[in-house]
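All letters in the sequence shown, in the order written, are residues 50 to 271 by the working numbering.
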Amino acid sequence: MDFGNLIQQAALLAIPLILAITLSEAARGHMAYWQGDKTGWSQGRHTWNPANHIAPIETIVIPMALFFLTSGAFIFGSAKPVPIDYRNLRGHKQGAIWVEMASPIALFVMALLWYIALAMLTAFGVQEVFFIQSCKAGVMVCLSLFAFQLLPVPPLAGGRILLFALPPKYGMQLARIEPWSMWIILALAFFQILGPIWMTPIRNLALAVLQLLTTPLIYLFN
């Protein structure tokens, strides 16, 4: 892939990527508020405004650097964490599980919205390449982050959900790997385990669900 194409793809990915990263974190803050914790609200983080959740390095620099270094093969990032006091959550474990589920749920919903937008553009015969490619990028980014977030390694959402769902004895054992989580993820990626065994199957399954959910809408406008 030449550098010009990478620049073009980075421009298409920028907005969907920033929205996916920031709004999925905002969803965690809102879920925490609904579950009884007002820590994020008291610090002005109870908002859907993406600007309030951007961490320049983690949200913009690292994802774009990874994109260019891997020629678009691997990308992830994070937002400025919404402060959450898990002691305030209703139901404790159940509340914590809902909070951690909020991020992947938000990513799936955003992927669905991008997919609907793409279907509508196609149905109405819109030929503007930028809009079509932006929608495709939005679906790809959201589903990739959705699959990545579900990886059962804390502090990712999948790992946190598993941590809170397990009996305390096993949850504590899982929590011990958190300091090594980045190295575990990098090793999985380096040995080409992360993509073929985890990311691709989950992304394809999620895409199939999107197609199933939008079939009635597509049929209606065709």
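Where a beta carbon is used, it is the ideal one built from N, C-alpha and C, also for glycine.
Using a 10 angstroms sphere on the CB of LEU262, the tally of other CB atoms stays under 16, which defines it as exposed. Note on geometry: alpha-carbon atoms of PHE239 and ILE233 lie some 10 Å from one another.
ILE67 is positioned such that its CB atom lies no closer than 8 Å to that of ILE106. Shown here, LEU261 sits in a helix according to DSSP, grouped into three states. Taking the C-beta atoms as reference points, LEU161 is found no nearer than 8 Å to ILE181. Going by DSSP, GLY208 is part of the alpha helix (DSSP H) stretching over 206 to 214. Straight across, the Cα-Cα distance linking ALA236 with PRO228 is about 14 Å. Secondary structure note for LEU200: it is in no alpha helix (DSSP H), with a DSSP letter that is neither H nor E. The beta carbons of TYR164 and LEU259 sit closer together than 8 Å. Its chain contains PRO201 and LEU223 as the residues whose beta carbon lies nearer than 7 Å to that of LEU211, once the 5 sequence neighbours on both sides are disregarded; these appear in chain order. At a Cβ-Cβ threshold of 8 Å, LEU138 and GLY85 count as neighbours. In the displayed model, LEU138 falls within coil according to three-state DSSP, outside both helix and strand. Note that the C-beta distance between PRO65 and GLY187 is below 8 Å.
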